[in-house]
Structures are given as structure tokens and as C-alpha cells.
Amino acid sequence: MERGFTVWFTGLSCSGKTTVSRQVAEELRKRGLKVEILDGDVVRTNLSKGLGFSKEDRDINIKRIGFVCKLLSRNGVVAIGAAISPYREVRDYNRREIGDFVEVYCKCPLEVCIERDVKGLYKKALAGEIPNYTGVSDPYEEPLDPEVVLETDKEEERESVAKVVRKLEELRYVQPAEAVSYSEEEEETIKQRLTDLGYL
Amino acid sequence: MAERVLIFGLDCAPPDLVFDRWRGDLKNLGRLMEQGIYGELESTIPPITVPAWTSMMTGKSPGTLGFYGFRNRADYSYDAMVFANSQYVREDTVWDILSRKRKRSVVIGMPQTYPPKPLNGCLITSFLTPNTTCQYTYPPELKGEVEGLVGEYMLDVENFRTDEKDRLLRQIYEMTERRFKVAKHLMAAKPWDFFIVVEIGLDRIHHGFWKFFDKDHRKYQPGSKYEGVMRDYYLYLDHQVGEMLSMAGSDTAIMVVSDHGAKRMEGGICINEWLMDKGYLTLEERPREVVPLSTVKIDWDRTTAWGEGGYYCRLFLNVKGREPRGTIERSRYGEVRDRLKRELEGLTDENGNHIGTRVFKPEEIYPVVKGIAPDLIVYFGDLRWRSVGSVGIGSVHTFENDTGPDDANHSQHGIFIMKAPGMKARGKSSGLHIMDVAPTVLKLLGLQVPEDMEGKAIEG
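Quick note, the sequences are listed as chains Y and L, same order.
At position 176 of the first sequence (counting the first as 1) the number is 176 in the numbering used here, and the numbers step up by one without a gap.
At position 332 of the second sequence (counting the first as 1) the number is 1332 in the numbering used here, and the numbers step up by one without a gap.
This is the structure in C-alpha cells:
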């Protein structure tokens, strides 16, 4: 069985979590891995339906996502969590619970996120129509030591994806895409060398 | 527990030279021995660079790793051999495990790391790399950093089986100097929790200069200008180790290890000549000169077994339904193999003296046997005699190596020295095995030892 693990994307709304996580998932599937994305917005329509945005409800939501990630990970699946997950404590709780946990911080200045405002929610939050909105009327606690920091306002999307995948390779969760092996020429060179050295 | 672990890998260092003969001269290694524990480190069967170093770094036996030497049979055809490069290492190394725990490693000169795989840290491959035009580092940009520092990085000497001893000696020193210069640079410039540098120069100097210092060697020449070469190089290595030790903090655990030891070589047993004499191997035509077995036509229909040369012998049986032109009925496999084992164990030297050959069956020495293992693994004269694979020699015994001058053979036990923060134990330890090193590193760093590691953490 392949080794499962969790990649946890955290960051403000519109910081690029969903976009990058989907592409990372696609890349990992290409490498033959089983991947499941748990996107915060989607989870709130089923697994966490009915939960609000108080700190308590947010923590429950993140722990639920973390719990599913843990189950998937221990069964050889790559679980990708993509949720604002604004509180450090509960993110760290998930890290401890899951163990094989890679935190990806989508770092993007609030003003850029507001400008992007894909769902028009920043506008409403700024107008006071949505309470407890992260970055506007609710805090976001930056990760202190994430495995990867993506500066999604400065990087191309593909750069961000490559950064995550490279880190997963370095952390030995994922094998490099191109199987590195001797080319025929290299094989011949090393055979000759070992022959010269007297090994063969 | 230690904050960091620093390992010096001295390829081929034997216990008697380090622990006894030159202990008083090796100030730094001697001090480590005084301040910690030391003992003989039992190597893998076979005690060869590949698979020994990888067994050490994975805590797994060659059977589990599925490779038994530099080249291994890819299938049961007669000529498909593949190099056991990094792609064949499918078990977790120490740095794989540490990478997942976000700990950083610096790995220099470890065999079977080419082509380099990513890791959390940096890696320079070993002498088993085609050449320095290849990508021999991870990350790739490290290559420029290395070459900016030392010019051409030397993965190995050009040829250690040579009579040009001055050139060989010069190359060994140049190579070692550059490697340690890079090691010291990386030690200071990169963050690390685990650092290992493997120096192959010691193995090369043993093979090239053993006969000059060992008075019991058949070819010992008294008063040679090379008599002190080996001792000098040991002192030089000790000095290099000392410089790196002075850079390591007191929170660093130190180990000095070798993958196997060395002993003088008495001569060679020409395995295929022996097999031919006994009627186990038939050539279509006997060669008139000394040539590798792979270059002559074998009459497979009249062949029971063939052997490979090296520091030990790999013997393969020609089995019906397994090899393309097998001759041994499967039902007789055990019987034939046992007979060969008995006869090999009875081998004598050229004067008829019993030499104490040891013969192993893979399934009896490994918990599992993956890949294609030799049918028998043979230590001629308990490794005092090399296996010579060439044919055309015309005798079973030879004192001229078919692959060039070589004075030393490998021995079963290497060295282990450990000093760790808070460690109370002192003195000589026994029962240490090469597979114990990986679990010991993990334990020192406060990590859990995976259950499938076959070694056990060495208590300090």
C-alpha cells in the first residue's frame, strides 16, 4: 500500500487554496496516487452543515476535516484539506492527530484577497453584512512553521504547485515524476568504470 | 537524546587497525573510544560495499533489500545483470524517515544514492556514479556550489588496481581532501540534524597498499617506501575527523562506522576453473588466454553451475524450468546444492591445506529473499581468498588477480564507535550488527524505530 499523508492548505479566503490544491491533486493522481480533496466550502454543505463561524464551530469544522483526513491517510490515500482554518491551535491539533501532515500556507495580502473576492463575500463582510469574517472581523493566525509557504500574489500558479510537489518529494512522500535511472549510456559508463576498478 | 547525529563512514576500516594497532596514533578516534563505546560491527553477508552500506542505512538485510552485490540478476536468463543503483533501494533509508519528520540530512558519498533522489537536506552521490558530468547532487544546484569550492569533485580514484602506486596515492589524498573540504563547508553552511560522510579512500588504500605494511602478506616487501603509507593515511583521516569534530556542538552524537573490515589476501580461487575440473561447468571451447567467463561460449546443456568473481563468490545453479537451458531437475536442486556446498567447504590451498571456506544458503541467512539471490554465497578461506571468475587460467589457485593487483580482501567485521550526549556507557561493546546503526540514529534523535527494521538500537 502507498503511504498516505495529509496536505493541509490554510490561508485567507481567496488566497488560492482551492486552485492550487486542485492542481496538486491532479499532479499526484498523474503519479498514480489516490487523492481526495476536502474543501472547506464543500464540507460545510454536508459534513459540517449547520455549523456557523464562531470560534467553536470553526474548530469543530476543522477537527472534522482533520478526522476524515486522518482516516484517509492511514488507508494509503493522499488527503488534501483546503480550508481557511484560521486558528493555529486547531491546525496543530490536526498535525498531532494525523502525524504525516504537510502544512501549506497560502500567503496572500488581505488587500489582494479583497480585490480577488471571487464570491463577493469580502464586499459583504466589509459592509458589515457578514459577521466573523476572517481577515475582516475575525482573526487569521499565520502558521509559525509551515512546510511550504506560497506567495500566491507573487508566484505563477504552476510555481506554487511545483513548490508543493517538490516539498512532498523532499519529504519522501512522493516519488519524482520521471523515474530517475541510468540511461543506457550511463549504464555503459558505470560498467566500464567498475570494470576498470576491477569490481566486475 | 541528541540534537544532531554526525557519522563518519570509513569504508573498509577494520577493527584491529583502529582499535589496536594504531589506536595510540589516532588521537581523535582514540578520544571518541575513550569517551564512548566501541566494538566490532558485524557486516552483512556478503560484507561488500553494496549491499552493506544500504543495510546500515535502512536497518534491513540484503534479502529484504533484494540485492546481493553491485550487479544482480534481473531475471533467470544467463546474462541479464542490473546495477543496484538508488532506484533499487525501495526500503526507507534513515534520511527518508528523517525527511518525513522534517529533520534535515546531509549525505555525502553514500553508495547506491545515484541517481540522487530528493530529500529534506542535501546529498552528494558516491563512486557508483557514471562521472561528474552527471547530476550527482540533490538539490541540483548544489553541484555548482561543490565545484565552486573544490573544482572537480572526485567521486573515486581512477583505478586502484594499478602498479602506479605514486599516482594512486596522490589521487587518494586529493580525493579525500576535496571530500572533507566539501563536508566541512556543508557542515557549517547547511542546517542539519543528521550528517554522514563516507570516505572510500580507505578502501582504495587497503586494496592498493596492504602488502607493503603487512609482514604476513605473501607479497610483503621489507623496506618498501610504501611501508608507512597506510598508517599515514589513517592519521590523515583522523586529522580530518578531528577538524569536523571541533565544528560539532556538544549536543551532537558522533559515530564512526565502516561497512566491513579488511584482511590480507592469500590469493584467488578460480571458481569456474574448479567447476570445470569437477565437471559442473562445460565450455564449448577452452580459451587460450585469461578471459572473463561472460566472453566465452558455455555449453549450457552440460553445465550445472557457474560462478562470479569478486571478494566473495556468487554461485548460480542451472535449473530446469528456471534457467533457459537448465539441467538440474527441480526435485534434485537441494541435493545438488548441498553437494556443491560440501565440496566447496572442503577446498584446500595449493599445498593441500584446508582453507576453511564458508558457504551460505540465502534462505538460511536472510528473513526473506527478494529479487534473485545467488544459489550459494561462498567465502573462500573465510574471505582470505578472492573469487576469480575468469577462465583460461588453467588452475584452481592463482596469485595474480585477474582484474589487476589487489592486496586485501574484505572481512566480516567493520568498526563502530559512538559517543553521545549523556551517554554513560564506556569501553568495548559486543554483538553489534550493521543493521543496528539506522535504529540507533533514530533513537538518538528521539524518534520511534519502525517495527520492520531488522536491527536494534545500540544502547549507550
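Here a beta-carbon is modelled for each residue, glycine too, at the ideal position from N, C-alpha and C.
Quantities reported herein were computed from a predicted structural model and do not represent experimental measurements.
Buried versus exposed, by CB contacts within 10 Å (16 or more), residue i
i                          : result
methionine 1154 of chain L : buried
serine 1105 of chain L     : buried
proline 1324 of chain L    : exposed
asparagine 61 of chain Y   : buried
valine 118 of chain Y      : exposed
histidine 1239 of chain L  : exposed
leucine 71 of chain Y      : exposed
glutamine 1221 of chain L  : exposed
proline 1116 of chain L    : buried
glutamine 1448 of chain L  : exposed
threonine 1049 of chain L  : buried
methionine 1001 of chain L : exposed
aspartate 1436 of chain L  : buried
glutamine 192 of chain Y   : exposed
N-terminal and C-terminal residue of the beta strand (DSSP E) that residue i is part of
i                             : result
glycine 1414 of chain L       : 1413 to 1419
glutamate 1042 of chain L     : 1037 to 1042
asparagine 10 of chain Y      : As written in the sequence, residue 10 of chain Y is threonine, which differs from the asparagine given in the question. Per DSSP, threonine 10 of chain Y belongs to the beta strand (DSSP E) from 5 to 10.
alanine 177 of chain Y        : First-last for alanine 177 of chain Y: undefined, no H or E at that position.
asparagine 1072 of chain L    : 1071 to 1073
tryptophan 1385 of chain L    : 1385 to 1388
phenylalanine 1316 of chain L : 1313 to 1317
alanine 82 of chain Y         : 78 to 82
arginine 1264 of chain L      : 1261 to 1264
Beta-carbon proximity of residue i to residue j, cut-off 8 Å
i                          : j                             : result
glycine 1267 of chain L    : valine 1197 of chain L        : no
glutamate 156 of chain Y   : tyrosine 105 of chain Y       : no
glutamate 103 of chain Y   : asparagine 1120 of chain L    : no
cysteine 69 of chain Y     : alanine 79 of chain Y         : yes
aspartate 1407 of chain L  : aspartate 1203 of chain L     : no
threonine 202 of chain Y   : serine 73 of chain Y          : The question about residue 202 of chain Y has no answer, for chain Y in this structure spans 1 to 200.
methionine 1247 of chain L : lysine 1190 of chain L        : no
tyrosine 1138 of chain L   : threonine 1129 of chain L     : no
leucine 28 of chain Y      : valine 161 of chain Y         : no
glycine 1389 of chain L    : glutamate 1285 of chain L     : no
valine 1391 of chain L     : glutamate 1273 of chain L     : yes
valine 1182 of chain L     : valine 1150 of chain L        : yes
alanine 1080 of chain L    : phenylalanine 1070 of chain L : no
asparagine 1409 of chain L : methionine 1265 of chain L    : yes
threonine 189 of chain Y   : asparagine 1131 of chain L    : yes
cysteine 1270 of chain L   : threonine 1398 of chain L     : yes
serine 1387 of chain L     : glycine 1310 of chain L       : yes
histidine 1260 of chain L  : glycine 1414 of chain L       : yes
isoleucine 1037 of chain L : methionine 1418 of chain L    : yes
Within chain L, partners of residue i - CB distance below 9 Å
i                        : result
aspartate 100 of chain Y : Arg1100
Interface residues of chain Y facing residue i [CB-CB closer than 8 Å]
i                         : result
leucine 1119 of chain L   : Glu170, Arg172
aspartate 1259 of chain L : Per Cβ cutoff of 8 Å: no residues; aspartate 1259 of chain L is ~14 Å from chain Y at best.
leucine 1186 of chain L   : None at all; the shortest Cβ gap to chain Y is about 16 Å.
leucine 1065 of chain L   : In chain order: nothing, as chain Y lies at least about 17 Å away.
leucine 1383 of chain L   : The contacting residues do not exist; leucine 1383 of chain L stays about 16 Å from chain Y at best.
Contact list for residue i against chain L, beta-carbon separation under 7 Å
i                      : result
glutamate 2 of chain Y : Correct list: empty, because the minimum Cβ distance to chain L is about 13 Å.
Within chain Y, the residues that residue i reaches when beta carbons sit closer than 7 Å
i                          : result
asparagine 1131 of chain L : Thr189
leucine 1235 of chain L    : Within chain Y, no residue comes near leucine 1235 of chain L; the closest Cβ sits about 26 Å away, beyond 7 Å.
aspartate 979 of chain L   : Chain L is shown only over 1001 to 1460; residue 979 of chain L falls outside these bounds and no answer can be derived.
leucine 1442 of chain L    : Under the 7 Å cutoff, chain Y gives no residues; its nearest Cβ is about 14 Å from leucine 1442 of chain L.
Residues that residue i contacts on chain L, provided the C-beta gap is smaller than 8 Å
i                      : result
proline 143 of chain Y : Within 8 Å Cβ-Cβ: nothing; proline 143 of chain Y doesn't reach chain L, min ~13 Å.
proline 176 of chain Y : Lys1117, Pro1118
Proximal chain Y residues relative to residue i, where beta-carbon distance stays under 9 Å
i                             : result
phenylalanine 1083 of chain L : Tyr182, Glu187, Ile190, Lys191, Leu194
cysteine 1134 of chain L      : Glu186, Thr189
leucine 1029 of chain L       : In chain order: nothing, as chain Y lies at least about 27 Å away.
Span of the alpha helix (DSSP H), counted from its first residue to its last, around residue i
i                          : result
valine 1018 of chain L     : That residue, valine 1018 of chain L, is in no alpha helix (DSSP H); it is neither H nor E in DSSP.
methionine 1435 of chain L : Premise fails: methionine 1435 of chain L is in no alpha helix (DSSP H) and is neither H nor E.
leucine 1275 of chain L    : 1271 to 1277
valine 1359 of chain L     : Run containing valine 1359 of chain L: none in the alpha helix (DSSP H); it sits in the beta strand (DSSP E), 1358 to 1360.
isoleucine 1298 of chain L : No alpha helix (DSSP H) contains isoleucine 1298 of chain L, which DSSP labels as neither H nor E.
serine 1250 of chain L     : Unbroken run through serine 1250 of chain L: none, as it is neither H nor E.
glycine 1063 of chain L    : 1062 to 1065
Three-pair Cβ contact test at 8 Å for the region 1054 to 1074 of chain L versus the region 1087 to 1094 of chain L: Enough Cβ pairs lie closer than 8 Å, so yes.
Validate contact between the region 37 to 48 of chain Y and the region 120 to 132 of chain Y using beta carbons, cut 8 Å, 3 pairs: Using a C-beta cut-off of 8 Å, the region 37 to 48 of chain Y makes no contact with the region 120 to 132 of chain Y, since fewer than three inter-stretch Cβ pairs fall below that distance.
The region 147 to 162 of chain Y / the region 131 to 138 of chain Y touching (three or more Cβ pairs under 8 Å): Contact fails between the region 147 to 162 of chain Y and the region 131 to 138 of chain Y, because fewer than three Cβ pairs, one in each stretch, are under 8 Å apart.
Contact between the region 1333 to 1350 of chain L and the region 1028 to 1045 of chain L (3+ Cβ pairs under 8 Å): They do not touch, by the three-pair rule.
The region 1448 to 1457 of chain L in contact with the region 1419 to 1430 of chain L per 3-pair CB rule at 8 Å: They do not touch, by the three-pair rule.
Segment contact, 8 Å Cβ cut-off, at least three pairs: the region 106 to 116 of chain Y with the region 50 to 57 of chain Y: The answer is no - the region 50 to 57 of chain Y does not touch the region 106 to 116 of chain Y, with fewer than three Cβ pairs under 8 Å.
Given 8 Å, three or more beta-carbon pairs between the region 1140 to 1147 of chain L and the region 1221 to 1236 of chain L: Cβ pair count under 8 Å is below three, so no.
Stretch-stretch touch, CB-based, cutoff 8 Å, three pairs: the region 1426 to 1434 of chain L with the region 1035 to 1045 of chain L: Under the three-pair Cβ rule at 8 Å, the region 1426 to 1434 of chain L counts as touching the region 1035 to 1045 of chain L.
Sufficient close CB pairs (3 or more, under 8 Å) joining the region 1055 to 1063 of chain L to the region 1352 to 1368 of chain L: Short answer: they touch.
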